[in-house]
Amino acid sequence: MSKVLMQPSKVSKYMGMDVTSLMSVPLFIMEPFSMLQKMAEIMEYTQLLDDADKSDDQFERLALVAAFLVSPFGAAERTWKPFNPLLGETFELEGLGSNVCFMAEQVCEQPPVSAAHAENEHFTYDIVSAPATKFQGNSLEVYPKGRTRISLRRSGEVFSHVPPQAKVHNLVLGRTWVDSYGAFLVTNTATGDKVQLEFKQCGWFGAGQYEFDGHVMDAEGNAKFAMSGKWNSCVDMCACSPDGSPIADAPVRRLWTCAEKPAEDHYGCTHFAWHLNSTKYLSRPPLASDSRRRADRQALQERKMTEAAAEKQAIDTQQQQQHKEFEQRGEQWQACWFEPAPDMQVLPGEEPAEVVPLWRWNGKYSSARDGMPAGSDDWRDGVMGKGFATSQQLALKQ
168 MSKVLMQPSK VSKYMGMDVT SLMSVPLFIM EPFSMLQKMA EIMEYTQLLD
218 DADKSDDQFE RLALVAAFLV SPFGAAERTW KPFNPLLGET FELEGLGSNV
268 CFMAEQVCEQ PPVSAAHAEN EHFTYDIVSA PATKFQGNSL EVYPKGRTRI
318 SLRRSGEVFS HVPPQAKVHN LVLGRTWVDS YGAFLVTNTA TGDKVQLEFK
368 QCGWFGAGQY EFDGHVMDAE GNAKFAMSGK WNSCVDMCAC SPDGSPIADA
418 PVRRLWTCAE KPAEDHYGCT HFAWHLNSTK YLSRPPLASD SRRRADRQAL
468 QERKMTEAAA EKQAIDTQQQ QQHKEFEQRG EQWQACWFEP APDMQVLPGE
518 EPAEVVPLWR WNGKYSSARD GMPAGSDDWR DGVMGKGFAT SQQLALKQ
């Protein structure tokens with residue numbers, strides 16, 4: 168992140184604020200992705216879930232699910248802020264990873280709440296994300312509040328997840344870097360088996376940076392495997408004693424290795440992330456509400472800062488006007504692809520519904536998508552930064 172632009176006088180007004188929900192965050196601290204696209208980055212390593220579904224060992228399945236949930240941390244060193252999605256904004260993904268279909272939608276704007284669903288023949292993945300942040304002047308604390316559930320199709324097991332917190336250091340002075348630390352928990356809700364990892368907080372002179380360790384345990388707390396690694400690069404597993412102590416000469420199995428990142432990329436993005444800002448793997452035009460179509464995001468990607476700022480202001484102003492029109496009509500916006508789920512059970516360890524609202528995938532998108540036109544042969548030319556309209560905006564035209 169550029170320290171030339173990050174002047175104290177420009178950031179002092181954000182002290183102590185939750186910048187997650189700010190509509191006026193300056194572009195010089197932003198990256199050309201929406202939060203919905205950032206949520207999709209976890210889909211890079213879905214082969215781990217495919218392997219888990221194929222495994223006959225319940226503890227191996229649990230370890231592979233945990234490795235999958237560590238894998239997005241390989242892209243977590245970026246220090247730029249993504250665009251806040253507008254109410255009704257969406258992002259879809261298909262064809263990347265292990266033939267996965269992914270859809271995310273912004274279901275609430277204040278406070279910001281995003282919901283996403285993904286599936287293939289081996290698993291379903293559901294998340295409701297309601298992150299919070301606290302700007303501390305030269306650092307930013309990130310609280311990844313959410314509700315993640317993964318279901319394996321063959322066994323029918325459902326896994327829940329509680330991630331560690333993070334902190335972005337040296338936003339104004341010094342080299343900007345990210346630290347993730349604290350408890351990382353994955354629970355098999357059917358058996359009570361769990362993975363408990365501890366992400367170590369970076370100490371003086373980089374001691375312990377990126378490191379984590381812990382165990383795969385049965386419901387009674389007996390260790391089955393030891394897990395360790397560095398969250399930005401790898402996850403290892405090996406057999407251990409029931410008390411968690413190592414077994415001499417036990418072979419170490421590497422479950423995950425982070426893919427090599429592009430050299431000297433301005434934003435520090437992965438190759439997979441840049442695929443999310445393309446139409447290469449889409450079989451037909453994305454919805455008008457898709458993040459790829461945002462003109463401000465596209466202008467920032469092309470490093471056209473003045474144009475990006477103007478487009479962002481225009482989108483924000485338009486969104487505010489749409490809110491007023493809905494209020495004047497006495498109508499309430501409804502999400503298209505997700506629905507409130509007040510009857511959903513909050514699992515042990517998950518955030519309460521007051522913190523992370525209960526939403527579920529409504530299953531309507533696949534049939535709706537099948538009924539949409541495939542587009543002309545050159546439809547890809549009319550997507551990136553073009554034709555953006557949220558479902559809220561489209562509803563007002565009806």
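In terms of my numbering, the sequence shown opens at residue 168 and continues consecutively. From the three backbone atoms N, C-alpha and C, an ideal C-beta is built for every residue, glycine too. Just so we're clear, the structure is a prediction, and the values are computed from it rather than from any experiment.
With a Cβ-Cβ cutoff of 9 Å, do residue i and residue j count as a contact?
i      : j      : result
Ala242 : Cys436 : yes
Ala390 : Asp410 : yes
Ala455 : Glu478 : no
Ala285 : Cys268 : yes
Val362 : His382 : yes
Glu506 : Arg314 : no
Met270 : Asn444 : no
Ser265 : Glu272 : no
Met394 : Ala556 : no
Glu211 : Ala374 : no
Thr257 : Ser543 : no
Arg460 : Lys553 : yes
Thr246 : Leu338 : yes
Val232 : Leu364 : no
Gln368 : Gly349 : yes
Leu263 : Trp423 : no
Tyr448 : Leu203 : no
Leu467 : Pro199 : yes
Met472 : Phe250 : no
Is it right to say residue i is buried, meaning 16 or more other beta carbons lie within 10 angstroms of its own, or is it exposed?
i      : result
Trp398 : buried
Gly255 : buried
Ile209 : buried
Ser201 : buried
Tyr292 : buried
Ala475 : buried
Phe366 : buried
Phe372 : exposed
Gln488 : exposed
Leu253 : buried
Lys491 : exposed
Gln499 : exposed
Val171 : Residue placement at Val171 cannot be trusted, given a pLDDT of 41 that sits under 50; what the coordinates show is reported in the next sentence. Its Cβ having fewer than 16 others within 10 Å, Val171 is exposed.
Compute the beta-carbon to beta-carbon distance between residue i and residue j, rounded to the nearest angstrom, for a pair I have assumed lies under 8 Å.
i      : j      : result
Glu288 : Thr300 : Wrong, their Cβ atoms sit about 37 Å apart, outside the cutoff.
Arg321 : Asp220 : 5 Å
Phe326 : Asn355 : 6 Å
Ser296 : Met206 : 6 Å
Arg451 : Met539 : 7 Å
Leu229 : Val353 : 7 Å
Ala508 : Arg527 : 4 Å
Pro311 : Gln332 : 7 Å
Phe240 : Ser412 : Actually they do not touch by this definition, with Cβ atoms about 27 Å apart.
Phe493 : Asp360 : Their Cβ separation, rounded to whole angstroms, is 46 Å, which puts Phe493 and Asp360 out of contact at 8 Å.
DSSP has residue i in a bridge; who is on the other side?
i      : result
Phe269 : Leu260 and Ala285
Pro507 : Trp526
Met384 : Lys361 and Ala390
His336 : Ser306 and Trp344
Pro413 : Cys407
What is the DSSP secondary structure of residue i, reduced to helix, strand or coil?
i      : result
Phe555 : coil
Gln214 : helix
Val232 : helix
Asp141 : Residue 141 lies beyond the range of the chain shown here (168 to 565); nothing can be said about it.
Gly396 : strand
Arg536 : helix
Leu467 : helix
Ala390 : strand
Glu308 : strand
Pro519 : coil
Asp224 : coil
Val120 : There is no way to answer for residue 120, as the model of the chain reaches only from 168 to 565.
Glu498 : coil
Arg459 : helix
Val550 : coil
Asp545 : coil
Trp423 : strand
Ala406 : strand
Thr343 : coil
Gly370 : coil
Pro239 : helix
Thr356 : coil
Thr473 : helix
Ala219 : helix
Can you find a CB in chain E that lies within less than 9 Å of the CB of residue i?
i      : result
Met404 : Reference to chain E is not applicable here, since this structure consists of a single protein chain.
Would the C-beta of residue i count as close to the ligand HEM, meaning under 8 Å from any of its heavy atoms?
i      : result
Val339 : Summarising the ligand content, the structure contains no ligands, and the ligand HEM is consequently not present.
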